[in-house]
Amino acid sequence: MTPPANSARPPLVDWALEYVEPEALGMNAKRMVPTNLMDYCRAAAGVAALDPTKVQFVFSGDVATSVQERLPPGPYRDSFNLSRGAGTMGAKTMRVDDEVHILFPAWLLYDVRWLRSVDPRDEEGRIANAPLRKQFTKRMAAHESGHVATFQAGEETEQFDDEPTARHAFLHAAQQIIDGYRAELVVPESLLVSWDRELSVETVTQFRSFLAEAKDEYPRSRDRNVLAHAIVNNHAQALWKVLACLAAVRRITGTEVGAPFPGTVTRTPEWSETLSAHWAQFEEVLSRVPSSRTRMSPAELRDRAYELADLLGAWLVTFGFVWQDSEGAASLRLAE
Numbered sequence: 262m263t264p265p266a267n268s269a270r271p272p273l274v275d276w277a278l279e280y281v282e283p284e285a286l287g288m289n290a291k292r293m294v295p296t297n298l299m300d301y302c303r304a305a306a307g308v309a310a311l312d313p314t315k316v317q318f319v320f321s322g323d324v325a326t327s328v329q330e331r332l333p334p335g336p337y338r339d340s341f342n343l344s345r346g347a348g349t350m351g352a353k354t355m356r357v358d359d360e361v362h363i364l365f366p367a368w369l370l371y372d373v374r375w376l377r378s379v380d381p382r383d384e385e386g387r388i389a390n391a392p393l394r395k396q397f398t399k400r401m402a403a404h405e406s407g408h409v410a411t412f413q414a415g416e417e418t419e420q421f422d423d424e425p426t427a428r429h430a431f432l433h434a435a436q437q438i439i440d441g442y443r444a445e446l447v448v449p450e451s452l453l454v455s456w457d458r459e460l461s462v463e464t465v466t467q468f469r470s471f472l473a474e475a476k477d478e479y480p481r482s483r484d485r486n487v488l489a490h491a492i493v494n495n496h497a498q499a500l501w502k503v504l505a506c507l508a509a510v511r512r513i514t515g516t517e518v519g520a521p522f523p524g525t526v527t528r529t530p531e532w533s534e535t536l537s538a539h540w541a542q543f544e545e546v547l548s549r550v551p552s553s554r555t556r557m558s559p560a561e562l563r564d565r566a567y568e569l570a571d572l573l574g575a576w577l578v579t580f581g582f583v584w585q586d587s588e589g590a591a592s593l594r595l596a597e
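Numbering-wise, the working numbering comes out as the position in the sequence shown, counting from 1, plus 261.
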């Protein structure tokens with residue numbers, strides 16, 4: 262995503278500020294000229310976009326609210342938040358009418374001088390971490406820009422409306438995972454940060470705690486399909502997306518598919534009992550998907566989504582649940 266040094270200036274997409282003062286980003290409120298780092302983000306999106314004139318990069322002080330304001334009324338908008346398993350969602354790229362908007366956390370671009378003026382005691386916090394924040398801003402901008410290309414190519418459009426409830430949920434999760442993996446593949450290796458390369462034990466431990474709670478709730482649940490959606494499309498999908506990004510980072514860094522997984526997490530029962538049985542196949546399926554720079558036909562996308570959905574269904578059994586469609590209805594039960 263780094264523009265070539267001796268080329269024409271890359272296209273800069275439109276930009277906007279929401280829920281943040283321009284001074285916080287180092288801008289002059291009277292002139293309203295974007296900073297160099299803001300322009301880097303805009304250029305990353307412009308280079309990736311099929312039509313840069315239909316992209317807006319939004320620097321928001323409240324990403325959750327910015328997302329909600331662009332969603333149609335309904336339960337998803339009402340319940341939307343940034344919590345994702347043991348972590349939080351950083352940014353979100355979404356379709357808005359005929360445009361694509363990147364909703365990006367403004368705090369990553371906070372200006373050191375502004376931070377000192379509002380909280381000089383934070384010298385060891387965001388002020389000291391300014392270089393890392395800058396690198397992570399570029400890294401996240403590259404990833405989100407990868408989503409822009411697939412959105413504008415129509416490759417994020419689901420093809421599964423004719424599928425029954427449980428199968429549709431697994432296919433939806435599969436497509437979300439594939440989309441994130443393809444976007445991650447365009448991140449330059451030079452922009453990767455230390456935590457990109459390992460799966461934290463906390464992430465898996467928290468997911469296992471959720472599974473235990475779900476099993477306790479199962480006998481009392483009045484609508485087990487609601488519980489199933491919470492398992493598959495919320496908590497499990499968040500974990501699978503983290504694993505997909507790790508698989509992408511391994512591919513970016515030239516790690517061979519099937520090579521040993523790094524870090525201490527593989528020596529824990531959480532790994533052996535929850536993830537190890539399916540990780541190798543998961544990485545192999547994703548290894549046959551191109552980055553968001555390469556176009557995929559609807560048939561190719563559908564084939565990979567179906568293949569991955571089969572794996573996710575088997576993985577759910579390892580998690581302790583079976584969710585299947587039978588006689589026109591979906592049913593969730595505990596795995597034997």
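Heads up, the beta-carbon is just placed ideally off N, CA and C, and yes, glycines get one too.
Asked                                                                                                                                                      : Found
Three Cβ pairs or more, each shorter than 8 Å: is that satisfied between the region 501-512 and the region 538-552?                                        : yes
With the cut-off set at 9 Å, would you say E409 and L364 are in Cβ contact?                                                                                : Residue identity differs from the one stated: residue 409 is Val in this sequence, not Glu. Their beta carbons are not under 9 Å apart, which means V409 does not touch L364 by this criterion.
For V274 and A475, I'd like the C-alpha separation in whole angstroms.                                                                                     : 44 Å
Under three-state DSSP, which class holds L311?                                                                                                            : coil
Check whether the region 525-539 and the region 458-472 touch, using three or more Cβ-Cβ pairs below 8 Å as the test.                                      : yes
Quick one: Cα of S587 to Cα of L562, how far?                                                                                                              : 26 Å
Considering only C-alpha positions, which residue in the set S470, E416, K399 and R481 is nearest to S451?                                                 : K399
Comparing alpha-carbon positions, which option in I439, T579 and E424 lies nearest A473?                                                                   : T579
Give the secondary structure of E531 by DSSP, where H, G and I count as helix, E and B as strand, and everything else as coil.                             : helix
Within 10 Å of its beta-carbon, does E517 have 16 or more other beta-carbons around it, so buried, or fewer, so exposed?                                   : exposed
Can you name, in chain order, every residue of its own chain whose Cβ lies under 8 Å from the Cβ of T514, other than the five neighbours on each side?     : E450, L453 and R458
Tell me which residues share the same chain as A266 and place their Cβ nearer than 8 Å to its Cβ, disregarding the 5 neighbours each side in the sequence. : With a pLDDT of 49 at A266, under the threshold of 50, the modelled position of that residue is not reliable, and no figure is offered here.
How far does the alpha helix (DSSP H) with P366 in it extend, from its first residue to its last?                                                          : Not the alpha helix (DSSP H): P366 falls in the beta strand (DSSP E), residues E360 to P366.
Quick one: is K353 buried, meaning 16 or more other Cβ sit within 10 Å of its Cβ, or exposed?                                                              : buried
Assign M262 to buried or exposed, taking buried as 16 or more other Cβ atoms, counted over all protein chains shown, within 10 Å of its Cβ.                : Model confidence at M262 stands at a pLDDT of 46, short of 50, so the residue's coordinates are unreliable; what they give is reported in the following sentence. Under this definition M262 is a buried residue.
Taking 6 Å as the limit between beta carbons, can you name the residues of its chain near S552, skipping five residues before and five after?              : R443, L446 and V447
Return yes when the Cβ of Q420 is within less than 9 Å of the Cβ of V361, no when it is not.                                                               : no
Between F471 and L572, what straight-line distance do the alpha-carbon atoms span, to the nearest angstrom?                                                : 21 Å
Taking M557 as part of the beta strand (DSSP E), name the residues at either end of that continuous run.                                                   : No beta strand (DSSP E) contains M557, which DSSP labels as neither H nor E.
Once DSSP output is grouped into helix, strand and coil, what is the label at F320?                                                                        : strand
Taking A596 and G581 to be in contact with their CB atoms under 8 Å, please state how far apart those CB atoms are, rounded to whole angstroms.            : 5 Å
For a quick check, are the C-beta atoms of I438 and Q498 less than 9 Å apart?                                                                              : yes
By Cβ distance below 7 Å, which residues in the same chain neighbour P264 in space, the five residues on each side in sequence not counted?                : Low confidence applies here, because P264 scores a pLDDT of 48, under 50, leaving its location unreliable and the question unanswered by this model.
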